[in-house]
Structure formats: structure tokens, C-alpha cells
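What follows is a single structure, written as C-alpha cells, with notes after it.
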Amino acid sequence: MSEHIIVDPVTRIEGHLRIEAKIDDNNVITDAYSSSTMFRGIEEILKGRDPRDCGLLAMRICGVCTGTHYQRSIEAVEHAFDITIPKNARLVRNLVQGALYLHDHVVHFYHLHGLDWVDITKALEADPKKAAAEALKWAKTPYGASEGELLKVKERVAKFVKQGRLGPFAKGYWGNKSYKLTPEQNLIATAHYLQALDLQRDAAKMMAIFGGKMPHPQSFVVGGVTCVQDIQNPSRISLFKTLLKKFRAFIKDAYIPDILMAGTEYADEALDGTGAGLMNFMSYGDFRLDDTGFYESELLFPKGIVKNGDLSKVYDVDQEKITEDVTHAWYKGSDNLHPFDGKTEPEYTGLEKKSDGYAYLKTDEKYSWIKSPLYDDERMEVGPLARMVVGYAKGDERITKYVNGFLKKGNLPAKVLFSTVGRTAARAIETELMADVMLEWVDELAANVAGGDLSTWTEFDFDKVSTKAMGYGMAEAPRGGLGHWVKVEDGQVVNYQAVVPSTWNAAPRDYKGRMGAYEASLVGTKVADPKQPLEILRTVHSFDPCIACAVHIVDSKGKELGSFKVDTSCAV
Amino acid sequence: MDKTEALKKMFTAEGEQIDTNKGAAYYDALWNQCRERLDELKASPKVSNVSINNVLSDEGIERRDFMKWASATTAALMLPASFTPLVAEATELMNRVPVIWLELQDCAGNSEALLRADGPKIDEIILDIISLEFHETIMAAAGHQAEEQMEDAIHHFKGKYLCFVEGSIPQAMNGQYGTIGPKGETFEEHLKRIAKDSAAVVAVGTCATFGGIPAASPNPTGAVGVRDIVKRKPIINIPACPANPANMVGVILHYVLTGKVPELDSLARPKFAFGYRIHDNCERRAHFDAGEYVEEWGDEGAKNNFCLYKVGCKGPMTFNNCSIVRYNESVNWPIGVGRGCIGCSEPDFWDKYAYERPMSGAKIKAPTGGVEKTVDEFGLGMLTAAGIGIGIHAAASAVAGKKDHHEDEE
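Line by line, the protein sequences are chains A and B. When we follow the working numbering, the leftmost residue of the first sequence carries the number 1, and every step to the right adds one. When we follow the working numbering, the leftmost residue of the second sequence carries the number 1001, and every step to the right adds one.
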């Protein structure tokens, strides 16, 4: 007798996501369905606007990867207008974006994903002295994990638990058999959970120094950046560097050691490939390292595609081969369209209310607001794991060094990367790499400004370049490949499409019935207790879902869609 | 009306002064009211037995530092200094206010902002000890367990919790552009159910307050703000994109202190935060008065922190305390970073204000897709309604500057 479980809402993510899974008598997932249950229509809202204003609007696609959509949108317009931004602007954008990666990855691991690995309630059983010794196993100079510090954390948590109301920690899957860390290890991770909650504000502050505020920075404009005052002020750059160094210490002495610690305890399920999923990885590439212009520059994260986990061959990425399929998404249409021509009409067919009082996805039909993107008619996974895998397969010197360094420290084979644990580890490896390279960028910016270059903006004749133009901003967000495509005519946006990381990862099945990345990675996973689908959360969270982003748009004016009247221009 | 005339009229209109000193009798009465309220709270059964004094000492924070913070907060709430001990006491009682946080058509930006609740570090302690009963982005429970937690909190704190709402509510297609939970409840049903037993509803961010980005023209999903859905409940709007976490904490504190919603303006925004016009407290104001403007990004004016009005700053039209509180532990703000204000705490700002040109030079969509008026016309209507006063000298320089810019564009 198989069981059908619904997880809705999936919490500790951005956006609204539902997962349904069918499990067999042995509690193994045989089928999984991923559905986004919210639609706003931001691409439709962008149509008709001045392309210079799109960045601020597009940024509101997401408040977590805030700043990424902003930059992609602006770059799509710069690409359309053939504008190359000054060196200072490139460095400022790299620094703001880099700070976002640091912030996002650390918050993701500790505050969104961590509770899938760490049982906070078990931390109460820990001996702080033993825990301090444990911490020393994983780091030479552990961050905030001395006996005294751990004792304080334990007491603080004990007091919190004693009061009765657990607030955000209430009704977690505490005590579930799939939690494998020792009480001491749980205490270390809990200490870092609390410390990261404090420190993440520093990473946000770094973004705000050159971005004005975070979430939703405001200093990027088509042609460059506006923060000339902040880069010509040595104390601003110095503050940025100080905060970066402090945060970097946490990454090296807490985040990386915690991943090694957890990775070792959960090594079995990494080695057997639990949660590996599609095994097709794609990176658009990002972080320009020189000023040769769009899609010409050397990149920190190289672009490419690895298929079926075969590291011996890397395929090139050609944006023309990207299409979107709507067979199982709440839109009309049968052709797979390229984003430049992206067009769909909503066709909401709803959920099916059953006698048990719950509403289920109609999985044979349409069941999500997310379309299914395809690359050359294949499903792809994107994200930190894809970036590390592609860089590693390409023999990128820097990425290879960090990946090998991590594997060596943990005494692990490369194949552990192809798993839920590996996806989580790849994110940490990338964070360390980013923190190191950002130190180089800060110095590069300071040196450039000190050399007298204060240029932050490239002038262009808007009326001339905007009569007819099209372009795309294709690069990476913390969660994976992100592309914005824009068509401009007579100074106005005539079409706009965004294909975002979670569109790739969270998508439903396609026209051939092939699963999306979340779905594929869930099938075959054993769930210890179907009433507490911890393993489902663990794998879905390993992708760092960002669902508001994934839902986009289409046109339809006052169309009858089943029993519903859609009386606006709408889309997903 | 002639454009120049119109602009002159707008900038010289009589201002609606915020009454920052209401006289001793008023404050005495309020003080007594707060005192009673706090005594009442103290006598109520404890929800949590964590005392702030213990938390403070655990965190190595001195009582003195705490009192400093309390006095700064008292000022931010526009109360006389004599209220400082009451504010401190209210902070100690803050764990009595359970909060349920809903996410609807949102981007989680306000949740992220809440995590950024900035220094003094005390704000974070407050987060530790307010009773955050439900918040999808950070709560451990998911699915059915999350639903149970919600039911439990509503039941346990019936009539006592604050319902924070982030994100707008889609009305088109019977509200089915957003569903939540195992039963597939629409956002509207969800909001109404949770709001029903709350003490008050706090709409956070411009989407929840005024519809925000989903409601921007052409509003594909028929999105609206909380005030259009929830009736017969006190509603507090804390707009901005995202809302400043200082203002979120301020509202909670005010509620504890007085048991009431803070004094609100016509848009239901607390006056302690939205009684300030960005322009009036702007660090670049002197350059506006002197007629010194940034003409294009990265120019000499930009290098010298000149006024950003001509590159689209909407500080003169926008009410919020950004120019005082700033963002991310006061490290910067949009005008500091040389971009200017986009009016994000005002209704319909995506269609009215969010572009990098002054209103005369903007090619923007008219709100709600109506007949295209010239931007000056509809912009002025709004401005005069808001009642703004600027000195004659400033008006003259603005008019001159704006006119030049307009001619440049043609």
C-alpha cells in the first residue's frame, strides 16, 4: 500500500512551494512532484517601461537573491545597447554580488538548511568540554567553539526550551532517526547557527556600503554604478575589507569545518548518491575578471555543461538552445519557445479536493506555475554544485584547487559531490573561494581609485541605442544560472523574459514526462518516518529553493480559463 | 496650468506640520495610560519567563548601554525623554507579544530585512525574546506540522497576537494566483482566517500595504494590499521596499507600551516613522538649496555629493525616516550611495516615482493604465495633496534646474 504525502508549505525557503511524493511499503519515494503555488506576473509589468527602469523592478522578483536580478536585468539592457562599463563599476558589482554569495550561502546553510541536519534539541545533552574537543578535530582554530562559549550557548538554549513556547523551533522533526550528529556536534552547529545570525548582518552591511541598502540595493544603473562617493572614500573601502575579513574567518573556521563534520557523519548517503538527481549540470559562468566586455571576459566561474556526471567532457553553452516547455505548467501552448519569443497564456486547472479534506496536484495534467526549461532538449540542474562541477571538469585552476583541498581535508572521493550532501558541500567550497577572491578585488578597486581612475559610468545616447535592440544578461545567481532576455523598441521594453535558477531546478515534468531536478533527486530516497518527511526537506533545501523567482509570465486578455475569468493581462 | 507655475505652487504649498509637541497635559495623560498598561501586562500570566536582564547579562551588555538604546528609541517614537524608563520596561515585557508572520505575494525581502534588524545589538535580543510563533522563512516545522503550529498559536494567543503580513493578495481568478497549505487555501482565505483572531494586523513592506510590485500596471493578478481585504481590525501600514526593520521593532514596542496602535497618518503609516519627509532631513539638502545638482551619473556633481533631484530623486515626494535611520546599521542609504530615492514608501510608486529622471522627463506608465496624463499633472495632484512646503529659494532653483533638464531632453 503506497502512501501519498504532501509537504505544503515547504518552509525555510523563499516563496511558495509544494512537494507531493508517493512512497512504497519500504518508505522509499517512487514519485515526486514539485509545484509552485504563487504567481505575480512581473515580466508583464516590465513591458512598456523604460529599459533603464527595469533593473529596480526586476530585482523585486526576489528579496533573498536581491541584487542578482537587478544586475542581470541591467546587463541585459547594457548588452542590448552594447555598453561596456568602466573597471570601477565592474569591480563594485563583483564585490556587491560576491557579498551576496557570502551572505546567501551562509544564511542558507545555517538558517534555512541547517535544521535538516542538526537537531537543536539534542544539543542540550552535549558536554561542552567534549564539544570543544570535537570542534578541534575539524578546525585548527575553531570559531566561537571554546568550552566556555559552548557552555553559554547550551545554557541559552536550555533556558529558551524551558519557557515552553519554542517559537520558530516549534514542531520541527526533532528526534527523527535521520538526524545523525552527536549531541556535541549538534551543540557546535547550534552555536554557529546563533553566531551566523549575528554575523550575516555584516555581510549585508558589505553590500550596503556600495549598494545603499540590503535587501534591494540601489546603486546600479545602465552604464555603471552611482556610488562614486563611496569608492573614492578610503574609509568605506577599508570598512568593507574589515567586514570581509571578519566574515571570512567565520567561513574558514566555522562553515567549512561544520560541512566537513556533517559530511563525514552523513558520508554514507553521500557515497551512495542519495539525492543526486539529474546528473546534468549547467553553468552560464559569471564574475568578469577583465574589461573586455560581455561574454568575452575571463570568468571566475567558467561556463559549460557536464552531462550524466561525466567529468571528462564539457560542452559549451549556447543561449539559443534554451527553450521552455509548458506541458505540465499552468499555461496554454504546445511549442517549446526561446525566451526572446517567450509567450504563454495561463491555464490554471487547479488542485483536486479529495474526501480526506486535502487538495492534491493533478499530476497527470498541469500542476505548477513554473515552466520546464530545456537546454537542447535536455533537463539541467544549476547552482553551486553545477558551477563547481563544470569548473572542475574544465580544469579551472582556482576551482580545482578549492574542490581538491576540501576533498583532501575530508578524505573523500570526488563522487560524493553527486548527492544531496555534495550539493550542500559545493556551496561551502564556493563560499570559501569567493571570500578569498574578494580580498583581491577590494585591493584592486582601492589601487585603481588611488591611481586616479574615478570613472563609474559609461555615457550612451539613449534615444539612439533604444530604437530597436535586444540583449540578454546571462550569468549566475547564488542559486544557479540566471538569464534575463529583453527586447526594446522606441525606448520601451516590448518583451521581457527571465529564466531563473529555480525554474531549472523546481520545474515540473516536461513534454516527454522527464522529471525536473527536485523531482529526480527525490525519487529513490528512503524516508525514515513518512509523518516527518525530513529527507524530502533535506534534499529540496539542498538546492536552496527560491520560488518567487521561478514563476513568470504571459499574455491573455479577458480569456475564459475553465471556470475562471482572467480579466487582466497575465502570466506567470 | 503652466508647468512652471504649477511647480512653483507645489513647492511653495503650505506644509502639514507634524505636531511633535502636544503639551504637558497630553503627555501626562499618555504617561499614566502607559503606566497602567505596563502594570496590567506585568500582572498577566507569563508567556515566557526569560527576563531581559538575564539576556543582557548573558550577552555581556551593560544596563547602561541598554538604557542608552531605550532613550534613542524613545526619541524615535517621538516621545519626550520622560518616557525612557517606560520604553525600557516595555522592552522587558516584549516577550509578551506573540507574532505570526504571513508571506503572501512576496519576495521575502521584508523577512530578510527583519533578519538585518540593526544595531545596537539589542534588536537581535528582542528577536530572541519576542514570541515569533510562525514565520515560514525561518521556522523549523514544514507542511502539516507548520499548519499545526499555526493552529496552536492562534488558539493559545487568541485575540492577543500581532499578525504581520508580507506580500500582496491576488484578487483576479478568484484569488487562485496564490494558494497555501495542504488544503490549497487561497491567500485571501488564509489572511482572513489568521487576521480574524489577531489583536492587530501589521502590513509590512509596500506590497502588503499598497499592493506594491504585483499591483504595478497592468496589475496582472489583481493584487491589493491588506487594507482592501481585512476589515474591522486595527491595521498598521509599514511601507517601503523593504520596510526598515527599525520601524518594525518600533511598532511592536509601541504596542507593548500603550496597548494601542501608534498614531497613524492618512495612509495608516505610523507618524513616528513616516512623519518625516526624506527631503527635509537629507544630507544633500544644502546642495538642493544652492541649486547644485548631479546632471548625469558619475559626473563632477556626483563626486561632490550634489543633489540628486535631476537624476530622479523623489525625496521631496516621499515620507519615511530613511534620511535619519538609514539602513544596515546606518552604514548607507540610497541617497548616500548616489542613486536617489525612488519613493518606495508611497502608494503606486512603481508607476509614479521609480525612474531615474525627474517627473517631467519620465516616460512612465500611468497608474492603473488610465488615460495618459502628463506626468507633471498627475504628479502635482499627488504632491499638493500630500501638502509639502519648501522655501521659495529652493523652489526657484528647482524650477530652473528642472526646466534646463527638460530642455536637454528635447
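Every residue gets a Cβ at the ideal spot worked out from N, C-alpha and C, and that includes glycine.
Within the stretch 55-67 of chain A, the residues whose Cβ lies closer than 7 Å to some Cβ of chain B are Leu56, Leu57, Arg60, Ile61, Cys62, Gly63, Val64, Thr66, listed in chain order.
For proline 1182 of chain B, a Cβ of chain A is located within less than 7 Å of the residue's own Cβ. Rounded to the nearest angstrom, the gap between the Cα atoms of glycine 333 of chain A and arginine 379 of chain A is 19 Å. Under DSSP, the beta-bridge partners assigned to glutamate 378 of chain A are A/Tyr375. In terms of Cβ geometry, lysine 152 of chain A and tyrosine 266 of chain A do not form a close pair [threshold 7 Å]. Remark: C-beta atoms of glycine 67 of chain A and proline 217 of chain A approach each other more closely than 7 Å. Burial check for tyrosine 1026 of chain B: the Cβ neighbour count within 10 Å stays below 16, so the residue is exposed. Residue-level contact by beta carbon fails for isoleucine 1324 of chain B and chain A, as no gap is shorter than 7 Å.
Among the residues facing chain A, glycine 1343 of chain B is not included, as its CB has no counterpart in that chain under 7 Å away.
7 Å or more divides the Cβ of glutamine 200 of chain A from the Cβ of valine 449 of chain A. Close CB contacts of leucine 1264 of chain B within its chain, under the 8 Å cut and outside five residues either way in sequence, are with Ile1236, Asn1237, Pro1270, Lys1271 (chain order). Taking the CA atoms as reference points, leucine 412 of chain A sits about 17 Å from leucine 311 of chain A.
Note that the C-beta distance between arginine 1284 of chain B and asparagine 1305 of chain B is below 7 Å. Secondary structure of glutamate 1296 of chain B (DSSP, three-state): coil. Classified as exposed, alanine 1024 of chain B has fewer than 16 neighbouring CB atoms from the shown chains inside 10 Å of its CB. A residue is called buried once 16 or more other Cβ atoms fall within 10 Å of its Cβ, and serine 235 of chain A, having fewer, is exposed. What tryptophan 138 of chain A touches in chain B, judged by beta-carbon distance under 8 Å, is nothing: the nearest beta carbon there is about 24 Å away. For the pair alanine 58 of chain A and serine 36 of chain A, the CB atoms are not nearer than the 7 Å cut-off.
In this structure, glutamine 497 of chain A lies away from glutamate 134 of chain A, with their beta-carbon atoms at least 7 Å apart.
If you draw a straight line from the Cα of valine 442 of chain A to the Cα of leucine 243 of chain A, it comes to about 12 Å. Residues of the stretch 1331-1355 of chain B with a C-beta atom less than 7 Å from some C-beta of chain A are Val1331, Asn1332, Trp1333, Pro1334, Gly1336, Val1337, Gly1338, Arg1339, Ile1342, Trp1350, Ala1354, Tyr1355, listed in chain order.
Straight-line spacing of the CA atoms in tyrosine 284 of chain A and alanine 1273 of chain B works out to 43 Å. If you draw a 10 Å sphere on the C-beta of glycine 410 of chain A, you find 16 or more other C-beta atoms in it, and that means buried. Short of 8 Å from the beta carbon of isoleucine 1154 of chain B, and not among the five residues preceding or following it, lie these beta carbons of its own chain, in chain order: Ile1100, Tyr1161, Ile1194, Asp1197. Bridge partners of asparagine 495 of chain A according to DSSP: A/Lys487. In the DSSP assignment, aspartate 286 of chain A falls within the beta strand (DSSP E) that extends over 286-288.
A contact is defined here as three or more CB-CB pairs under 8 Å, and the stretch 469-480 of chain A meets this definition with respect to the stretch 501-509 of chain A.
Annotation for asparagine 1247 of chain B: the continuous alpha helix (DSSP H) segment containing it runs 1245-1258.
If you draw a straight line from the Cα of isoleucine 1324 of chain B to the Cα of alanine 204 of chain A, it comes to about 19 Å.
Restricting attention to beta strand (DSSP E) runs no shorter than 3 residues, the stretch 431-518 of chain A encloses them at 468-477, 480-489, 492-499, ordered along the chain. Membership of leucine 100 of chain A in the alpha helix (DSSP H) is indicated by the continuous run 87-107. Per DSSP, the unbroken beta strand (DSSP E) holding tyrosine 33 of chain A starts and ends at 29-36. For threonine 323 of chain A, the enclosing beta strand (DSSP E) begins and ends at 322-325.
In this structure, valine 527 of chain A sits away from glutamate 519 of chain A, with a CB-CB distance that is not shorter than 7 Å. Between the alpha carbons of threonine 1084 of chain B and isoleucine 1252 of chain B lies a gap of roughly 16 Å.
For phenylalanine 406 of chain A, the enclosing alpha helix (DSSP H) covers residues 397-410.
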